[in-house]
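Contents: one structure, followed by commentary.
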Amino acid sequence: MEYKDYYSVLGVNRKASADDIKRAYRKLARKYHPDVSTEKNAEDKFKALQEAYEVLKDTTKREAYDQLGSQWKSGQDFRPPPNWQGFDFDGRQQGFTGESGGGFSDFFESIFGSQHGARVKQSRTSRQRGQDEHAKITISLEDAFHGGNKTIHIQMPEMDADGHMHNQTRALKINIPAGITSGHQLRLTKQGGQSLYGGEPGDLYLEINVASHSSFSLQDRDIYLTLPITPWEAALGGKVTVPTLGGAVDVKITAGAQTGDKLRLKGRGLPHKQTPGDQYVLLQVWTPPAKTETDRHLYEKMAEQMPFNPRKNLVKE
Amino acid sequence: MTKRELIIISVERDLEFSLEELCQLCEITPDFIQELIDYGTIEANQYPLAALRFNSEHVRLIRRILHLEQDLQVNLPGALLAIDLKNEIERMQMEIDILKKYWASAQHYSRS
Chain A
1 MEYKDYYSVL GVNRKASADD IKRAYRKLAR KYHPDVSTEK NAEDKFKALQ EAYEVLKDTT
61 KREAYDQLGS QWKSGQDFRP PPNWQGFDFD GRQQGFTGES GGGFSDFFES IFGSQHGARV
121 KQSRTSRQRG QDEHAKITIS LEDAFHGGNK TIHIQMPEMD ADGHMHNQTR ALKINIPAGI
181 TSGHQLRLTK QGGQSLYGGE PGDLYLEINV ASHSSFSLQD RDIYLTLPIT PWEAALGGKV
241 TVPTLGGAVD VKITAGAQTG DKLRLKGRGL PHKQTPGDQY VLLQVWTPPA KTETDRHLYE
301 KMAEQMPFNP RKNLVKE
Chain B
1 MTKRELIIIS VERDLEFSLE ELCQLCEITP DFIQELIDYG TIEANQYPLA ALRFNSEHVR
61 LIRRILHLEQ DLQVNLPGAL LAIDLKNEIE RMQMEIDILK KYWASAQHYS RS
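Residue numbers (my numbering), protein chains in the order written: chain A, 1 to 317; chain B, 1 to 112.
As structure tokens, then:
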């Protein structure tokens with residue numbers, strides 16, 4: 001497994017005081033909290049922060065961690081030293097609300113022993129059923145549009161025969177409904193946490209996140225696409241082929257079109273029972289370069305015969 | 001870490017929860033929902049609380065609030081403010097994405 005440099009995760013040096021560590025954690029937690037962060041990979045970073053803080057804020061854990069030595073580098077292949085007594089910490093953390101399932105890393109577990117549930121909730125009722133679990137998955141825009149079967153891999157905390165919690169990777173084949181958008185929850189009944197009392201397992205809730213696309217933009221259920229066209233297609237109109245998530249469509253450009261015009265392809269956005277989204281095509285006129293004498297003459301003739309001042313109303317009083 | 005292959009048959013999409021189901025799922029009390037109504041975050045029609053129906057969005061909202069309260073020690077109005085701002089940022093980011101791609105398309109031409 002990989003060594004984790006908790007000090008560098010928090011951006012402090014090994015001699016940092018408890019206050020330094022607390023301050024560093026609070027600042028970074030604010031920045032990377034997945035429910036409000038605008039940073040990429042906020043969730044992974046936040047999980048790493050939580051784990052680092054969990055170790056470094058506690059003097060006993062920090063001492064144990066320091067004992068491993070300072071010669072290790074993050075990501076380096078690591079094995080606990082022989083005769084390492086796994087510290088069996090009682091797994092009560094304050095609010096580790098890591099998403100995408102799973103508790104702490106294998107590295108953490110190898111040093112500190114298995115946690116009895118990385119996230120211990122104070123249940124108000126004694127449930128016979130297992131815990132409901134939550135995880136987040138990212139799907140492509142194409143998957144969101146078409147829906148269909150998909151195999152996903154998520155990490156979940158599961159109890160093994162010894163009663164210890166471990167991270168397990170589960171492969172699940174799910175059916176994604178067509179037209180699903182970010183934030184939506186899918187419920188997989190009985191795929192959540194096992195029951196400790198011989199009851200039914202809880203449910204697994206998957207939150208969908210739709211990844212950004214290289215060409216299409218998504219806003220609510222509408223798709224946006226920038227479409228380059230020629231000056232003659234714009235001025236004279238014409239038929240062009242436009243890609244959509246559901247396949248290419250022929251679109252008629254009306255004569256007199258300009259850069260910035262927005263064409264609405266009704267119903268070509270994300271599907272939905274009552275009101276599917278639309279696709280908006282944003283026109284962008286590209287002028288061909290004047291490469292030859294003939295080209296230049298054509299342009300000069302146009303300038304001569306079509307007086308045109310696009311800057312007439314540039315700066316309004 | 002071991003792998004286990006499972007075929008899932010049931011994936012429920014248009015989830016609907018009663019007040020009781022929502023409270024059990026999110027581990028909150030009806031008082032908490034009442035607070036969210038009082039803050040104007042959840043719209044409650046004329047019905048009594050117990051007759052309200054909740055969906056995916058409510059689950060997501062409540063979990064976000066609880067995470068912020070637990071992880072960043074934010075109080076409820078603070079959490080609601082943070083979430084409103086984040087939603088606004090996301091909306092703006094979608095608009096920016098459209099504009100960025102528009103601009104990138106123009107630049108792509110000018111460079112080729």
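A virtual CB, placed ideally from N, CA and C, is assigned to each residue, including glycine.
Rounded to the nearest whole angstrom, the CA to CA distance from residue 269 (chain A) to residue 185 (chain A) is 20 angstroms. In the DSSP assignment, residue 137 (chain A) forms a beta bridge with A:208. Closest option to residue 69 (chain B), judged by alpha-carbon separation, among B:15, B:17 and B:28: B:28.
In the assembly as shown, residue 308 (chain A) is an exposed residue. Its beta-carbon has fewer than 16 other beta-carbons within 10 Å. Here the segment 230-241 of chain A does not lie against the segment 142-162 of chain A, with fewer than 3 beta-carbon pairs under 8 angstroms apart. Listed as beta-bridge partners of residue 153 (chain A) by DSSP are A:171. Proximity of chain A to residue 57 (chain B) at the Cβ level (cut-off 9 angstroms) is accounted for by 183, 184 and 185, in chain order.
When the alpha-carbon of residue 235 (chain A) is set against those of A:59, A:302 and A:31, the nearest one is in A:302. Inter-segment contact for the segment 193-202 of chain A and the segment 173-182 of chain A is absent: fewer than three beta-carbon pairs are separated by less than 8 angstroms. In the pairwise beta carbon analysis, the segment 31-40 of chain A is classified as touching the segment 80-92 of chain B: at least three pairs are separated by under 8 angstroms.
Close CB contacts of residue 78 (chain A) within its chain, under the 7 angstroms cut and outside five residues either way in sequence, are with 1, 2, 3, 72 and 107 (chain order). The beta carbon of residue 38 (chain A) sits closer than 9 angstroms to some beta carbon of chain B. Contact of residue 286 (chain A) with chain B by beta-carbon distance below 7 angstroms involves 109. Contact annotation, residue 206 (chain A) with residue 218 (chain A): C-beta distance approximately 19 angstroms; criterion of less than 8 angstroms not satisfied. Using beta-carbon distances, residue 18 (chain B) does not count as an interface residue toward chain A, since no partner is under 9 angstroms.
The beta carbons of residue 111 (chain A) and residue 65 (chain A) sit about 7 angstroms from each other, so the pair counts as a contact at 8 angstroms. With respect to chain B, the C-beta atom of residue 132 (chain A) has a partner C-beta closer than 9 angstroms. Inter-residue distance for residue 271 (chain A) and residue 221 (chain A) is about 8 angstroms (C-alpha atoms, whole angstroms). Residue pairing by DSSP leaves residue 189 (chain A) without any beta bridge partner.
The three-state reading of DSSP puts residue 2 (chain A) in strand, counting E and B together.
The beta carbon of residue 23 (chain B) sits closer than 7 angstroms to those of 29 and 30, all from its chain and outside the five residues before and after it, given in chain order. Remark: C-beta atoms of residue 281 (chain A) and residue 231 (chain A) do not approach each other more closely than 9 angstroms. Per DSSP, the unbroken alpha helix (DSSP H) holding residue 65 (chain B) starts and ends at 56-72.
In this structure residue 69 (chain A) is exposed. Its beta-carbon is surrounded by fewer than 16 other beta-carbon atoms within 10 angstroms.
Per DSSP, the beta-bridge partners of residue 223 (chain A) are A:218 and A:279.
About 6 angstroms separates the beta carbon of residue 257 (chain A) from that of residue 283 (chain A), a gap short enough to meet the 8 angstroms contact definition. Between residue 199 (chain A) and residue 130 (chain A), the C-beta gap is smaller than 9 angstroms, which places the two residues in contact. Only residues of its own chain outside the window of five on either side were considered, and among them 282 and 284 have a CB closer than 6 angstroms to the CB of residue 226 (chain A), listed in chain order. Counting only Cβ-Cβ distances below 8 angstroms, residue 44 (chain B) has no contacts in chain A at all, with the closest Cβ about 21 angstroms away. Residue contact with chain B for residue 157 (chain A): absent (no Cβ-Cβ distance below 9 angstroms to any residue of chain B). Look at residue 80 (chain B) here: in three-state DSSP terms it is helix.
Contact of residue 243 (chain A) with chain B is not assigned, every C-beta pair being separated by 9 angstroms or more. Residue 57 (chain B) counts as exposed, since fewer than 16 other C-beta atoms from the protein chains shown sit within 10 angstroms of its C-beta. Here residue 48 (chain A) has 9 as same chain residues with Cβ atoms under 6 angstroms from its own Cβ, once five neighbours each way along the sequence are excluded. Distance from the CA atom of residue 79 (chain B) to the CA atom of residue 261 (chain A), rounded to whole angstroms, is 40 angstroms. DSSP places residue 28 (chain A) in the uninterrupted alpha helix (DSSP H) bounded by 18-32.
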